[in-house]
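In what follows, a structure is listed as structure tokens, so that the remarks can point back to it.
In our numbering, the protein residues as written are 245 to 484.
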């Protein structure tokens, strides 16, 4: 079968138009993906209240998801989305034309957080008093940390370990405690309060504790034990 020169030109032109259309579609999809990334990343930083450099948002299926979205609009996280958390989750998002929602969609994301955290240089035994030579500041991923991380040297130095701390372990609140002002076995004055009535009796501490903490104490006269709040190294209060 022969093709005329005119028909060949028409077919070539059609093929070129198809290529241009595909190229424009890919460019439009790429631009939309960038806008989605920017919108969700901004939302994550704002809700987590962390510096932008400490939040990384990953989009496992964004390349496939944007193919089903309208490129004519601005992507945003929907107001109905109830906050954000670290880890993998599904976000409610939408494409908007001004204030009008054009298309709603759900997007799978993984939120990772990072920060400069204190890391133990070596193993620390239980009840070891931490010094500035026991840890170093390093940038680490904090996504899976469920406990508050100490953020300054003064929050760490002078405290003691609650348990054995392994080398290269991040120092969190759950690992450290203030030095006790009352030690188990110490003699204390127990102030019993009930309304306007106050009685002071001798007692002995059954636990270690810092100022403001509640420990078990034993009254030496009644031989009974009570929960008491530590006031100082020799005084505790029991509210009856």
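We put the CB at the ideal spot given by N, CA and C, even for glycine.
Determine, using beta carbons only, whether residue 347 and residue 335 come nearer to each other than 8 Å.
no
From what residue to what residue does the beta strand (DSSP E) around residue 351 run?
344 to 364
Rounded to whole angstroms, how far is the Cβ of residue 284 from the Cβ of residue 301, which I believe are closer than 8 Å?
6 Å
Is residue 379 closer than 8 Å to residue 400 when the C-beta atoms are compared?
yes
Residue 445 versus 456, 422, 469, 453, residue with shortest Cα-Cα distance:
Nearest to residue 445 by C-alpha distance, out of 456, 422, 469, 453, is 469.
Three or more C-beta pairs under 8 Å: does that hold for the region 272 to 286 against the region 361 to 370?
no
Quick one: what's got a C-beta closer than 6 Å to residue 327's C-beta in the same chain, skipping five residues either side?
Contacts found: 291.
If you draw a straight line from the alpha carbon of residue 405 to that of residue 455, how long is it in whole angstroms?
17 Å
Could you round the C-beta distance between residue 416 and residue 393 to whole angstroms and report it? I think they count as a contact, below 8 Å.
Yes, they are in contact, since the Cβ atoms of residue 416 and residue 393 sit about 5 Å apart, within 8 Å.
Residues of its chain near residue 390, where Cβ-Cβ distance is below 8 Å and the 5 sequence neighbours each way are ignored
none
Scan the region 280 to 331 and note each continuous alpha helix (DSSP H) run of 4 residues or more that stays entirely inside, going in chain order.
Runs of the alpha helix (DSSP H) inside the region 280 to 331: 306 to 309.
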